[in-house]
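Enquirer: This is the structure I want to talk about, given as structure tokens.
2 protein chains.
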Amino acid sequence: MHRLVVIGGDAAGMSAASQARKRRGPDELQIVAFERGRATSYSACGIPYWISGAVEREEQLVTRTPEAHRRNHIDVRTRTEVVGIDVDARTVRACDLEGGTEYTEPFDDLVYAAGSVPARPPVPGVDAAGVYGVQTLDDGAALRAALTDEVHRVVIVGGGYIGLEVAEACQVRGLAVTVVDRSPTPVGMFDPDIGTFIADAVRGLGIELVLADAVSEIATDADGRACAVHTSSGRQLPADLVVLGVGVRPNVALAREAGIPLGPSGGIAVDHRMRTEAPGVWAAGDCVESIHRLSGQRVVVALGTHANKQGRVAGINLGGGYATFPGVIGTAITKVCDVEVARTGLSEAEAEAAGYRFVSAAVDSTTRAGYFPGAQPIRVKLVAEKRTGRLLGAQIVGRDDAAKRIDVLATAIWNEMHVDEVLSLDLSYAPPFSPVWDPVLIAARKAQDAVEAEFR
Amino acid sequence: MHRLVVIGGDAAGMSAASQARKRRGPDELQIVAFERGRATSYSACGIPYWISGAVEREEQLVTRTPEAHRRNHIDVRTRTEVVGIDVDARTVRACDLEGGTEYTEPFDDLVYAAGSVPARPPVPGVDAAGVYGVQTLDDGAALRAALTDEVHRVVIVGGGYIGLEVAEACQVRGLAVTVVDRSPTPVGMFDPDIGTFIADAVRGLGIELVLADAVSEIATDADGRACAVHTSSGRQLPADLVVLGVGVRPNVALAREAGIPLGPSGGIAVDHRMRTEAPGVWAAGDCVESIHRLSGQRVVVALGTHANKQGRVAGINLGGGYATFPGVIGTAITKVCDVEVARTGLSEAEAEAAGYRFVSAAVDSTTRAGYFPGAQPIRVKLVAEKRTGRLLGAQIVGRDDAAKRIDVLATAIWNEMHVDEVLSLDLSYAPPFSPVWDPVLIAARKAQDAVEAEFR
């Protein structure tokens, strides 16, 4: 019988397994999935909300348990780490982390979905006790357990999405929170003008933000436990607990050893059907690189939504169907307390780096008709190519019901719309939902004015 | 000096005037705008919320007063009705409704933006006292004034958007409300399966819905005041007050008399720059017909968002610029209490009528990650062309933060996307905003399955 081995039991790996199983029954295809942790198919993005208490139980974050996958005839082996791949021999070497035994498992097709590993700043003390990650469900459980009554001061290293989400979670729990980030504004994927709004919102929550400063050391006490974070500028931030939220990098060590080629971004190189360059080896999720449809560059974007889609594509193709993953455009969204932020396409800095000449325009409007109760402020910023007016990027910051509008602009960018086309879009209007000119359209109008001004 | 006369001082007319003024100063262009009512540039769509009390003051609904327009060098003449147009002589005949005097005003260019008139069912009693419309700000003021303590029972004729919005407004004010509609489900622009959700929501508010039944008579008392609504099926619904919410038709009487050609839909025929077939005569807003980009038909869609866009386009062109209005795709949204509904493109019935062979797919999901507090139910229904999979239409019903997602699908339809392309879209994801597969993507997946099933 044909044998499919999957490395990694989260979104990408299990989507691939499930899709393949949907198309090929257990009498046609045997599927074995290895997962280092205890859980499968869980929402890592939900961990900050589990830490804050908004989500009460770990099980709520799990979409499909190992048992559920097994009922679907997928042989899931949790707490089992794949420690070697032999592409020529068509085998993987697996290690049962509980029993410590190692064994070999043959495959015809392999899906490499090993996800990512947290980036660790190369500073002294980074491996000390009291320093936590927030990447896996097991990480989340460890951090939750560590947040005892003795913990009062938390320092978060990294002011990106995850860093801020965890900062808010800790703040909600009544802790004194400091976030350290190298950039002059948090969430560096936003232009500084939008980042300033985010910074204000974070500070408004009572979270201390230390910006434009780098962590130089995690100081430890006599027991070797983290007790403070030191920065390049000389700050010494006392900490009962340190959380690393500096992002992730693709978990490719095993693939690299096995000779599965990586791409220029450091992620595994795959084609649009999620095939690696090694025959019969597929890859999906946080460990692969994708094409950015605007810059043309290969990029690694660790996001559950891409992992799910890529896994699905791999699984359909493995199951004898045809599906493709046509790339990403850098859409992202988050919420810091009641401030919502989102982006898609290229920021000004990214447009610059990609060699575009551009104009940008920002407008302030409201989420509902101005007179309608509950109308909230929203700022929409667009980046458009000079001369052609092609929409290159969008950023939104606002309150309730603001940020999800980014999807309209993501769809417009995906379709290579120009801002004058965007402003003709037949978007929905009623006073509880939008001003008569939706903020997206007002922004397009202003961007179009900026494009036209270039010709005068 | 070049003279521009505008008939109608609301969204379309005043947008045209303002855009023309922006491009041509008062030394180049004289602008006179006639408005029958007291107000200019107001939100008719906001009237139900003024009636409910959610919007407190009439002024809140007014974007720009006559005085504000006058400061912008637009000679606004309120309470002045244009009673005749002589296209050859290049004059209009205006009647001052306060003083009763008539006079002639010359024009070089004319913008006809007379809006719409409420449809009135051709039944006895429709013109009786106690029967109200909700179309203009003056209508709204009259209805508000009529809702005295003596009024307890209100019957609304018509269960479309406006009918339901007014029904809810009256219900909020503590009145006993009955809505009568000819269709078997309210808001006929939705497929019956979605309409059933709306009906349930409306009834859940305590509003009585009389469906699949037509008004046969508005009965009057000895004073000639409306006192009951009788229906074809023999129902007699007592009413202290009757509201007509059966929709509107384009206000074209004056244009027709003047020989300005109408189109097949009964609206004024315009090209994509908002020119009528009469030289130097432009038209915009509820009185014109637009191209439906999916059916190819000419349609009249009375919506503030189109009126604003069309007025802007006419004004830019009048001001020497170049702009076009490329048509509509039938996007609409409303809210009945906490149930949100929206649609875009073609419903099943409309797809049928337009000659498409189609499949449809509906999915139930949540507005946020299922485990995230505040996640609400959302149903997304898609209509896609058989064989090609081209997205033809979408309908959404749900609670908080559900319906505005229709804009993503409107943008997808606008760009002629196919459902398999939709499901690859890089839409934003974070647990407070969406499940990892946004409901829009889940619906696209199911629609794609339906398309593919046709080939098996």
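The listed protein sequences correspond, in order, to chains A and B. In our numbering, each residue carries its 1-based index in the first sequence increased by 1382. In our numbering, each residue carries its 1-based index in the second sequence increased by 1382. Think of the CB as a built atom: it goes at the ideal place given N, C-alpha and C, for glycine as much as any other residue.
Tell me whether the region 1798 to 1814 of chain A and the region 1644 to 1655 of chain B touch, counting them as touching only if at least three CB pairs, one residue from each stretch, are closer than 8 Å.
Expert: Because the criterion of three Cβ pairs below 8 Å is not met, the region 1798 to 1814 of chain A and the region 1644 to 1655 of chain B do not touch.
Enquirer: Please list, in chain order, the residues of the region 1407 to 1438 of chain B that have any C-beta partner in chain A closer than 8 Å.
Expert: Within the region 1407 to 1438 of chain B, the qualifying residues are Ser1425, Cys1427, Gly1428, Tyr1431, Ala1436 and Val1437.
Enquirer: Which of the three DSSP states is assigned to B/Phe1416 in this structure?
Expert: Three-state result, B/Phe1416: strand.
Enquirer: Just to confirm, are B/Tyr1753 and A/Gly1428 a CB contact at a threshold of 8 Å?
Expert: Their beta carbons are under 8 Å apart, which means B/Tyr1753 touches A/Gly1428 by this criterion.
Enquirer: Check the Cβ of B/Gly1686 against every Cβ in chain D and list those closer than 8 Å, keeping chain order.
Expert: No chain D is present in this structure, whose protein chains are A and B.
Enquirer: Evaluate contact between the region 1405 to 1413 of chain B and the region 1453 to 1466 of chain B, counting only Cβ atoms and requiring at least three cross-stretch pairs below 8 Å.
Expert: Touching, yes, given that three or more Cβ pairs across the two stretches are closer than 8 Å.
Enquirer: Let's see if you can read the secondary structure: which residues bound the beta strand (DSSP E) around B/Phe1740?
Expert: First-last of the beta strand (DSSP E) with B/Phe1740: Phe1740 to Thr1748.
Enquirer: When you compare the CB positions of B/Val1710 and B/Ile1778, do they come within less than 8 Å of one another, or not?
Expert: Not a contact, by the Cβ cut-off of 8 Å.
Enquirer: Residues bridged to A/Gly1727 by DSSP?
Expert: BP columns for A/Gly1727 point to A/Gly1775.
Enquirer: Where in the region 1517 to 1559 of chain B do unbroken runs of the beta strand (DSSP E), each at least 3 residues long, occur, reported from the N-terminal end onward?
Expert: Taking only runs of at least 3 residues, the beta strand (DSSP E) segments lying wholly in the region 1517 to 1559 of chain B are 1535 to 1539.
Enquirer: Let's see if you can read the secondary structure: which residues bound the beta strand (DSSP E) around B/Thr1473?
Expert: Looking at the DSSP string, the run of the beta strand (DSSP E) that includes B/Thr1473 is Thr1473 to Asp1478.
Enquirer: Confirm, please, whether the CB-CB distance from B/Asp1622 to B/Ala1729 is below 8 Å.
Expert: Looking at the sequence provided, one finds Ser at residue 1729 of chain B rather than Ala. Going by C-beta atoms, B/Ser1729 is not nearer than 8 Å to B/Asp1622.
Enquirer: Bridge partners for B/Gly1780 per DSSP, in chain order?
Expert: Answer is B/Glu1722 and B/Ile1760, bridged to B/Gly1780.
Enquirer: Quick check on the burial criterion: 16 or more other C-beta atoms within 10 angstroms. Buried or exposed for A/Ala1495?
Expert: A/Ala1495 is buried by the Cβ-count criterion.
Enquirer: Can you give me, in chain order, the residues of the region 1692 to 1706 of chain B that have a beta carbon less than 7 Å from any beta carbon in chain A?
Expert: So nothing in the stretch comes that close.
Enquirer: A/Glu1440 and A/Ala1523 look like a contact to me (Cβ under 8 Å); what is the Cβ gap, rounded to whole Å?
Expert: Indeed, because the Cβ distance is near 7 Å, the residues count as touching under 8 Å.
Enquirer: Can you give me, in chain order, the residues of the region 1467 to 1490 of chain B that have a beta carbon less than 9 Å from any beta carbon in chain A?
Expert: Listed by position, the residues of the region 1467 to 1490 of chain B near chain A (Cβ gap below 9 Å) amount to none.
Enquirer: Give a yes or no on contact between the region 1562 to 1571 of chain A and the region 1436 to 1451 of chain A, applying the rule of three or more CB pairs nearer than 8 Å.
Expert: At 8 Å Cβ cutoff, the stretches do not touch.
Enquirer: Count the other C-beta atoms from every protein chain shown that fall within 10 angstroms of the C-beta of B/Glu1550, then say buried if there are 16 or more, exposed otherwise.
Expert: Its Cβ being crowded by 16 or more others within 10 Å, B/Glu1550 is buried.
Enquirer: Answer yes or no: does any C-beta atom of chain A fall closer than 8 Å to that of B/Phe1740?
Expert: Output row for B/Phe1740: interface = no.
Enquirer: Quick check on A/Trp1664 - is its C-beta less than 8 Å from some C-beta in chain B?
Expert: A/Trp1664 does not count as touching chain B.
Enquirer: Over what stretch of residues does the alpha helix (DSSP H) that includes A/Gly1686 continue unbroken?
Expert: A/Gly1686 -> alpha helix (DSSP H) spans Gly1686 to Leu1700.
Enquirer: Any beta carbon from chain A within less than 8 Å of B/Ser1747's own beta carbon?
Expert: No, its Cβ sits nowhere closer than 8 Å to a Cβ of chain A.
Enquirer: Compile a chain-ordered list of the residues in the region 1776 to 1800 of chain B whose CB is closer than 8 Å to at least one CB of chain A.
Expert: Of all residues in the region 1776 to 1800 of chain B, Asp1783, Ala1785, Lys1786, Arg1787, Ile1788, Asp1789, Val1790, Ala1792, Thr1793, Ala1794, Trp1796, Asn1797 and Met1799 have a Cβ within less than 8 Å of some Cβ in chain A.
Enquirer: CB B/His1800 to CB B/Leu1823, shorter than 8 Å?
Expert: Cβ distance not < 8 Å, so B/His1800 and B/Leu1823 don't count as in contact.
Enquirer: Counting only beta-carbon atoms, is B/Asp1808 nearer than 8 Å to chain A?
Expert: With 8 Å as the cut-off, B/Asp1808 counts as an interface residue toward chain A.
Enquirer: Give me the residue from A/Ser1565, A/Glu1836 and A/Tyr1704 with the minimum Cα distance to B/Gln1830.
Expert: Closest by alpha carbon: A/Tyr1704.
Enquirer: In this structure, what does DSSP give as the bridge partners for A/Ile1673?
Expert: Its beta-bridge partners are A/Arg1680.
Enquirer: Between A/Asp1486 and A/Ala1784, what straight-line distance do the alpha-carbon atoms span, to the nearest angstrom?
Expert: Going by the sequence as given, residue 1486 of chain A is Thr instead of Asp. Their backbone Cα atoms lie some 52 Å apart in a straight line.
Enquirer: So the alpha helix (DSSP H) B/Ile1576 belongs to, where does it begin and stop?
Expert: From DSSP, the alpha helix (DSSP H) with B/Ile1576 extends over Pro1574 to Gly1586.
Enquirer: Once DSSP output is grouped into helix, strand and coil, what is the label at B/Lys1768?
Expert: Reduced to three states, the DSSP call for B/Lys1768 is coil.
Enquirer: Quick check on A/Ala1471: buried or exposed, where buried means 16 or more other Cβ atoms within 10 Å of its Cβ?
Expert: A/Ala1471 should be labelled exposed.
Enquirer: Which value, in whole angstroms, describes the spacing of the CA atoms of A/Asp1521 and A/Gly1515?
Expert: If I take the Cα positions, the gap works out to 6 Å.
Enquirer: In whole angstroms, what is the alpha-carbon distance linking A/Pro1759 and A/Arg1405?
Expert: Rounded to the nearest angstrom, the two C-alpha atoms are 48 Å apart.
Enquirer: Does any C-beta atom of chain A lie closer than 8 Å to the C-beta of B/Asn1690?
Expert: So, interface residue.
Enquirer: Report all residues from its chain with a CB closer than 7 Å to the CB of A/Arg1617; omit the five preceding and five following residues, and keep chain order.
Expert: The answer, listed in chain order, is Val1592 and Asp1595.
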